[in-house]
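In our numbering, the protein residues as written are 582 to 644.
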Amino acid sequence: MKERFDREVQFAIDAPTLEKYIPMYLMTFGTRIRVLEPERIRKLMAETARKLAIFYETESQLH
582 MKERFDREVQ FAIDAPTLEK YIPMYLMTFG TRIRVLEPER IRKLMAETAR
632 KLAIFYETES QLH
């Protein structure tokens, strides 16, 4: 953790770790958090959410 404020936390994480693990971890918080930057993480989270939605939509059609 780099800094902590009243309603904000800043982390310093290397790029490979950031892109590999952080989007899925942050998604566990649902809409209780907002990623302000980097934009790449927001895009990765949106992409992961779309993949999950497609998976569960397809899965429900199989049963």
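Glycine included, every Cβ here is placed at the ideal spot set by N, Cα and C.
- Message: For Arg623 and Leu633, I'd like the C-alpha separation in whole angstroms.
- Response: 15 angstroms
Leaving out the 5 sequence neighbours to the left and right, which residues in its chain are closer than 6 angstroms to Gly611 when beta-carbon positions are compared? none
DSSP three-state assignment for Arg647, whether helix, strand or coil | No answer is possible for residue 647: it lies beyond the span of the chain, which begins at 582 and ends at 644.
Would a C-beta distance cut-off of 8 angstroms place Gln591 and Lys583 closer than the cut-off? yes
In the segment 604-632, which residue ranges form an unbroken beta strand (DSSP E) of at least 3 residues, counting only runs that do not cross its ends? none
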